[in-house]
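0 is the number of the first residue of the sequence shown in numbering that gives the first Met the number 0; add one for each residue after it. C-beta: ideal position from N, C-alpha, C; glycine also. Only one structure is covered here, and it is reproduced in the block below.
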Amino acid sequence: MIRSVSTTVLLLGLILFASATSAAQLFAPKEGLYYVKQFGDVKFHVYASPIAAGASASVVIETKNSLILQDVQQNKPQMDELKTLIQSIGKPLRRIYISHDHSHHWAGLELLPGVPAYANQATIDFMKQKGEAELQALKNQFGSQAIPYSKVVVPGNVLQAGSGEVIDGLRFVFSSPAPELTGPVVFMEFPDQKVMITHHLAYVGVHVPLPPVEARLAKLNEMRTKDWAWVIGGHGVPVPGPEYFSKTIDYYTTLGKVIKESPDVATAKDKMMKAYPSYGGVVLLDLLLPGFYPQ
Ligand SMILES: [Zn+2]
Ligand SMILES: [Zn+2]
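And the structure:
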């Protein structure tokens, strides 16, 4: 009797141990990309849609007892994988922060119900006024299987740029260091980990050529003087700070030259693709390069 009880306890213990270790290690996405980096007892998990699709990032920040998230995904297959990542970590998701009004960062919110969501006033206003039309446009473009959402979930809490928060011992600040270049987007800075999440500034691994080139280069050169350990762009590949600034400054220096030397959009696109053959988001060259050639 005693033996069988202890055997049962031992077996139960082994099963629990096996499931605990596998849950934390099993996340291996098929639809998107996954990067993870640990700083002390804080872990930054970055899940992104495929590079070709623009590598739109959702950042799950894991503290000792809980999770916070910046930005969800647009299409359901990526939302499902993001939810799998969250479940595999096995801690409660306490907050969702939406960085800005572009629908690929908020469309899937409906699939994470019951979690308090936050955004700045500009994002909330846009979602209230134009969200439904945006969602319909996504359904038309990607189909109702990829975009099965029935409504726009407007964040109920307003974020102020410059404000900060401490959750579970983790300090973070909502900043917007270059609104003249990025529009009203929310960056997140983690001063103790020296980690920053940026939007609409400059990206690594994807083409997002944003004007104006000179002002952007000046801002990047100014911001690189802070020693960031890891910079997570809202799109593309997260990299150590020095790499983020050297690669984005290289990209915008090249872009400036290419625009100057190219008589038209097609030539400029060709040169940018040759200069950065591994970069995704080629469709954004088509969308954004015409902005550098005013009629
Ligand atoms: Zn955007
Ligand atoms: Zn975006």
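Any non-hydrogen atom of ligand 2 within 6 Å of residue i CB
i: Gly233; result: yes
i: His206; result: no
Length of the line joining the Cα atoms of residue i and residue j
i: Ser277; j: Gly204; result: 7 Å
i: Lys256; j: Val212; result: 10 Å
i: Leu200; j: Leu287; result: 14 Å
i: Ala274; j: Ile231; result: 23 Å
i: Gln140; j: Ala51; result: 16 Å
i: Val45; j: Phe125; result: 26 Å
i: Ser367; j: Trp229; result: An answer regarding residue 367 cannot be provided, because it is not within the stretch 0 to 294 covered by the chain.
i: Ser175; j: Gly161; result: 7 Å
i: Glu61; j: Gln294; result: 48 Å
i: Ser149; j: Tyr117; result: 20 Å
i: Leu15; j: Thr83; result: Legend: pLDDT at Leu15 = 43, less than 50; position of this residue unreliable, no value from coordinates given.
i: Pro115; j: Ile166; result: 14 Å
i: Pro289; j: Val264; result: 6 Å
i: Glu30; j: Met78; result: 10 Å
i: Ser143; j: Glu260; result: 43 Å
i: Gly280; j: Gly53; result: 5 Å
i: Trp227; j: Asp191; result: 10 Å
i: Gly113; j: Tyr251; result: 41 Å
i: Val35; j: Lys127; result: 34 Å
i: Glu221; j: Pro208; result: 19 Å
i: Lys129; j: Ile67; result: 26 Å
Whole-Å CB distance - residue i paired with residue j, under 8 Å assumed
i: Gly248; j: Leu219; result: Per the sequence presented here, residue 248 reads as Ile, with Gly not at that position. The Cβ separation is near 5 Å, so the contact holds.
i: Val71; j: Ile88; result: About 16 Å separates the two Cβ atoms, so there is no contact after all.
i: Gln86; j: Gly107; result: Incorrect: roughly 15 Å between the Cβ atoms, too far for contact.
i: Gly233; j: His206; result: Not a contact, Cβ separation roughly 14 Å.
i: Ala173; j: Val185; result: One detail in the question is off: residue 173 reads as Phe in this sequence, not Ala. Indeed they touch by this definition, with Cβ atoms about 5 Å apart.
i: Val151; j: Glu131; result: 6 Å
i: Pro55; j: Pro91; result: The displayed chain sequence assigns Ser, not Pro, to residue 55. Between Pro91 and Ser55 the Cβ distance is about 24 Å, and since that is not below 8 Å, they are no contact.
i: Arg223; j: Phe244; result: 4 Å
i: His295; j: Pro183; result: Because the chain is modelled from 0 through 294, residue 295 falls outside the range shown and cannot be assessed.
Three-state secondary structure (DSSP) of residue i
i: Asn156; result: strand
i: Thr252; result: helix
i: Tyr96; result: strand
i: Val185; result: coil
i: Glu213; result: helix
i: Lys150; result: coil
i: Gly290; result: helix
i: Lys225; result: coil
i: Tyr275; result: coil
i: Ser174; result: strand
i: Leu25; result: coil
i: His103; result: helix
i: Ala118; result: strand
i: Ala52; result: helix
i: Lys129; result: helix
i: Val230; result: strand
i: Ala47; result: strand
i: Tyr202; result: coil
i: Val165; result: strand
i: Lys90; result: coil
Min CB distance residue i to chain C below 7 Å
i: Tyr34; result: This model lacks chain C altogether, as it is built from one protein chain only.
Residue i burial status per 10 Å Cβ neighbour count (16 or more: buried)
i: Thr122; result: buried
i: Val194; result: buried
i: Ser48; result: buried
i: Tyr353; result: There is no way to answer for residue 353, as the model of the chain reaches only from 0 to 294.
i: Glu80; result: buried
i: Ala27; result: exposed
i: Val238; result: buried
i: Val365; result: Nothing about residue 365 can be read from this structure; the chain reaches only from 0 to 294.
i: Leu25; result: exposed
i: Gly155; result: exposed
i: Lys225; result: exposed
i: Val157; result: exposed
i: Gly235; result: buried
i: Glu179; result: exposed
i: Ala217; result: exposed
i: Lys246; result: buried
Near ligand 1: residue i beta-carbon under 6 Å from a heavy atom
i: His101; result: yes
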